[in-house]
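Undergrad:
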């Protein structure tokens with residue numbers, strides 16, 4: 004895709020031993036963390052150049068462009084590596100629920116009981 | 004820690020082949036995604052019960068309680084698994100910068116050029 008320095012980005016990316024890196028998917032306007040998926044180099048290339056997120060499904064061992072079967076598309080708004088380029092943050096516009104369970108985001112379901120830290124607070 | 008069903012949580016967690024799961028760390032009030040770290044069962048137990056985040060450092064192969072050397076503590080506010088319990092989202096109050104580079108968050112440094120998706124927008 005003209006103007007996108009995709010080769011440079013792919014050269015910078017640090018993939019794990021399995022050839023994948025985790026991609027945190029965040030709703031661009033609300034800040035909700037929707038899900039985490041995995042990308043190999045090709046999924047990353049597609050995500051940067053197609054305006055939609057593509058993941059590598061570890062369970063199905065195939066590419067998975069979010070929304071192709073469900074309609075719950077993620078339109079890419081921006082993306083950034085972390086400081087050592089082994090994690091990606093993608094800000095998206097999520098159409099409908101992000102989770103295959105039908106929940107808006109994958110993390111809503113069951114908050115854990117925690118000891119809350121910080122001055123003057125307890126769980 | 005009394006009242007925390009830590010054993011149940013640990014039994015639900017799905018760790019990877021390396022015994023780790025990724026933990027997305029988010030500032031609880033602003034929604035900023037600060038960083039991603041990895042936890043094994045013991046790091047997860049400590050994070051749920053100590054009010055502060057502990058990670059497993061893959062590079063140093065040791066536990067790392069965030070802020071012990073830098074002072075840049077992460078106070079735990081809440082935590083949730085995703086739908087298949089192989090990723091954790093932890094909402095924290097981050098004291099100072101989250102990144103070892105001194106940046107507030109690890110993802111600020113270098114946003115990537117992307118093709119923006121969605122109706123009526125282009126990069």
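Protein chains in written order, with the working numbering: chain A, 4 to 126; chain B, 4 to 126. C-beta: ideal position from N, C-alpha, C; glycine also.
#1: So with CB distances below 7 Å, who are the chain B contacts of residue 78 of chain A?
#2: Report all residues from its chain with a CB closer than 7 Å to the CB of residue 138 of chain B; omit the five preceding and five following residues, and keep chain order.
#3: Between the stretch 47-54 of chain A and the stretch 109-119 of chain A, do three or more beta carbon pairs fall short of 8 Å?
#4: If you draw a straight line from the alpha carbon of residue 36 of chain B to that of residue 42 of chain A, how long is it in whole angstroms?
#5: I'd like the list of long-range same chain contacts for residue 5 of chain B, defined as Cβ closer than 7 Å, with 5 residues on each side in sequence excluded.
#6: On the CB-based measure, 16 or more other CB atoms within 10 Å of its CB, does residue 25 of chain B come out buried or exposed?
#7: If we define contact as Cβ-Cβ less than 7 Å, is residue 25 of chain A a contact residue for chain B?
#8: Output yes or no for whether 7 Å exceeds the beta carbon distance between residue 80 of chain A and residue 94 of chain A.
#9: Can you find a CB in chain B that lies within less than 7 Å of the CB of residue 32 of chain A?
#10: Leaving out five residues before and five after residue 13 of chain A in sequence, what residues of the same chain have Cβ atoms less than 8 Å from its Cβ?
#11: Would you kindly work out how many angstroms separate the C-alpha atoms of residue 108 of chain B and residue 101 of chain B, rounded to a whole number?
TA: Inspection of the coordinates gives the following:
#1: In the first chain, residue 78 of chain A corresponds to position 75, counting from 1. What residue 78 of chain A touches in chain B: 120, 121.
#2: Because chain B here runs from 4 to 126, residue 138 of chain B falls outside it and cannot be looked at.
#3: The stretch 47-54 of chain A, when compared against the stretch 109-119 of chain A, does not touch it at the 8 Å Cβ threshold.
#4: Your numbering for residue 36 of chain B matches position 33 in the second chain. Your numbering for residue 42 of chain A matches position 39 in the first chain. Taking the straight line from one Cα to the other gives about 19 Å.
#5: As a first step, residue 5 of chain B is located in the second chain; it is residue number 2 there, counting from the start. With a pLDDT of 46 at residue 5 of chain B, under the threshold of 50, the predicted position of this residue should be treated as unreliable, though the coordinate-derived value follows. Result list for residue 5 of chain B: empty, nothing under 7 Å.
#6: Position 22 of the second chain holds residue 25 of chain B. With 16 or more other Cβ atoms within 10 Å, it is buried.
#7: Residue mapping note: residue 25 of chain A aligns to position 22 of the first chain, counting from 1. Yes, residue 25 of chain A lies at the interface with chain B (some Cβ there is under 7 Å from its Cβ).
#8: Here the question's residue 80 of chain A lines up with position 77 in the first chain. Here the question's residue 94 of chain A lines up with position 91 in the first chain. Less than 7 Å divides the Cβ of residue 80 of chain A from the Cβ of residue 94 of chain A.
#9: Numbered from its first residue, the first chain carries residue 32 of chain A at position 29. Closer than 7 Å: no.
#10: Start at 1 with the first residue of the first chain, and residue 13 of chain A comes out as number 10. Its chain contains 44, 47, 48 as the residues whose beta carbon lies nearer than 8 Å to that of residue 13 of chain A, once the 5 sequence neighbours on both sides are disregarded; these appear in chain order.
#11: The count along the second chain starts at 1 and reaches residue 108 of chain B at position 105. The count along the second chain starts at 1 and reaches residue 101 of chain B at position 98. Distance between the alpha carbons of residue 108 of chain B and residue 101 of chain B: 5 Å.
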